[in-house]
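A.B. asks: I have a structure here, written as structure tokens, and I will follow up with some questions on it.
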Amino acid sequence: MGAEGQAFLSDLLAASWDDDGRRAGELFAWIPRDAQSDDPAAATRAGETAHAIASFLADERDTIAETPANSDLWRSFADSLIPYLGALVGDDRRISGFASLDGLNSQMRRAASLFAAMTKDSEANRAWVDAADAKALEYEQAFAKAAVADPLQADSGDAQRDLLRAARLRSLVATGDRLANPDAPRPVPTYAETAVMYQVASLTARDDDPQINEKFFRDGRLLPIDEIPEEDRSIYRAQLRVYLVPWPQIGAAIERYARTYSTIADGQ
């Protein structure tokens, strides 16, 4: 999608559709259907079109912020781009035609701008953020299982790659929200980093472990951070960190997760 395609998207967004952009949005309904098509040509066409949409929304965020609401059109954009959340952060498995908008070790400013642009419609943004969070959790759980299975390789290979993909998604969600709400605090990785430590520790920790307070367990199950009272989270985080000390490669992988998160959050 070249200059004509971008002009087409601009015209779609600038119009005040009497159906909130429902019929206009139907023009893109084929993209999520073909995103993982067995037909390579169809999958590539879907990926390239989705990439053009993502690029336009990222690069024209300030302009489109002033366009009519067109809620259904924005929801169609979210539906079209959700299959490519992994590709945005370097995971191109099972899709074609969609490359990341930024270098993976960069501050990912275009991807962050895309996430900010999606906040224009609350329902579209909710679907977008929920899908990003679910994808990040998938990567974090894959890392945790790999790290427990082979702790010496936790900071390399597929395990580390999955964890860094999660870090990018977590930071993009938070950073996009802050770009849309500049008065909000700058995102920090503390909560997300603790959640990753939980994912690993929960696979092996038991309620009689001397390094983790028994109040952080329920029915023999380690509690996730969102079930820990605010006033206890600092000690919870510290105890998880101590629990993981015997496996330095796991600790190194999680530290890199935090640095990757901060690179994006601090770089806008």
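Heads up, the numbering used here is the position in the sequence shown plus 4, with the first residue counted as 1. Backbone N, C-alpha and C fix where the C-beta goes; we use that ideal spot for every residue, glycine too.
If you draw a straight line from the C-alpha of S117 to the C-alpha of D106, how long is it?
C.D. replies: Looking at the two C-alpha atoms, the distance is approximately 11 Å.
A.B. asks: Do the region 119–131 and the region 173–191 make contact, defined as three or more Cβ pairs closer than 8 Å?
C.D. replies: As far as the Cβ criterion goes, the region 119–131 touches the region 173–191, which means the pair count is three or higher.
A.B. asks: Given 8 Å as the limit, is there contact between the region 57–76 and the region 125–132, that is, 3 or more CB pairs closer than that?
C.D. replies: Yes, the region 57–76 is in contact with the region 125–132.
A.B. asks: Taking the DSSP output, what are the residues bridged to F221?
C.D. replies: In DSSP, F221 forms a bridge with L226.
A.B. asks: Below 6 Å CB to CB, which residues in the same chain sit around T264 once its five sequence neighbours on both sides are set aside?
C.D. replies: Cβ neighbours of T264 beyond the five flanking positions: L168, A171.
A.B. asks: Using DSSP with H/G/I as helix, E/B as strand and the rest coil, what is S41?
C.D. replies: DSSP places S41 in coil when its eight states are reduced to three.
A.B. asks: When burial is assigned at 16 or more other CB atoms within 10 Å of the CB, is L248 buried or exposed?
C.D. replies: Counting Cβ neighbours within 10 Å, L248 comes out buried, since at least 16 surround it.
A.B. asks: By the three-class DSSP mapping on this structure, what secondary structure does A69 have?
C.D. replies: In this structure, A69 counts as coil in the three-state DSSP scheme.
A.B. asks: Rounded to a whole number of angstroms, what is the C-alpha to C-alpha distance between A135 and L89?
C.D. replies: Rounded to the nearest angstrom, the two C-alpha atoms are 8 Å apart.
A.B. asks: Under a Cβ-count criterion, where at least 16 other Cβ atoms within 10 Å of its own Cβ denotes burial, should L156 be classed as buried or exposed?
C.D. replies: By the 10 Å Cβ count, L156 comes out exposed.
A.B. asks: With a 10 Å radius around its C-beta and 16 neighbouring C-beta atoms as the bar for buried, classify A33 as buried or exposed.
C.D. replies: It counts as exposed.
A.B. asks: Mind pulling the alpha helix (DSSP H) runs of 4 or more residues that sit fully within the region 67–144?
C.D. replies: The qualifying runs are 75–85, 89–92, 113–121.
A.B. asks: DSSP on D270, reduced to helix/strand/coil?
C.D. replies: D270 falls in the coil class under three-state DSSP.
A.B. asks: Near A39, which residues of its chain fall below 8 Å by C-beta distance, leaving aside the five closest residues on each side in sequence?
C.D. replies: Closer than 8 Å at the Cβ level, and outside the excluded window around A39, lie A47, A50, G51, A54, P87, Y88, I99.
A.B. asks: Could you round the C-beta distance between A82 and W132 to whole angstroms and report it? I think they count as a contact, below 8 Å.
C.D. replies: The Cβ separation is near 5 Å, so the contact holds.
A.B. asks: Taking only three categories from DSSP, how would you classify D181?
C.D. replies: Three-state result, D181: helix.
A.B. asks: Should A163 and A151 be called a contact, given that it needs their Cβ atoms to be closer than 8 Å?
C.D. replies: Yes, the pair counts as a contact, with Cβ atoms nearer than the cut-off.
A.B. asks: Report the CB separation of Y240 from V200 in whole angstroms; it is logged as a contact under 8 Å.
C.D. replies: Going by Cβ atoms, the distance from Y240 to V200 rounds to 13 Å, so no, they are not a contact pair.
A.B. asks: Quick one: Cα of V246 to Cα of L108, how far?
C.D. replies: Taking the straight line from one Cα to the other gives about 30 Å.
A.B. asks: Count the other CB atoms, across all protein chains shown, that sit within 10 Å of the CB of E197; report buried if there are 16 or more and exposed otherwise.
C.D. replies: Under this definition E197 is a buried residue.
A.B. asks: Return the CA-CA distance between G29 and I258, expressed in angstroms with no decimal places.
C.D. replies: Going by the C-alpha atoms only, they are around 40 Å apart.
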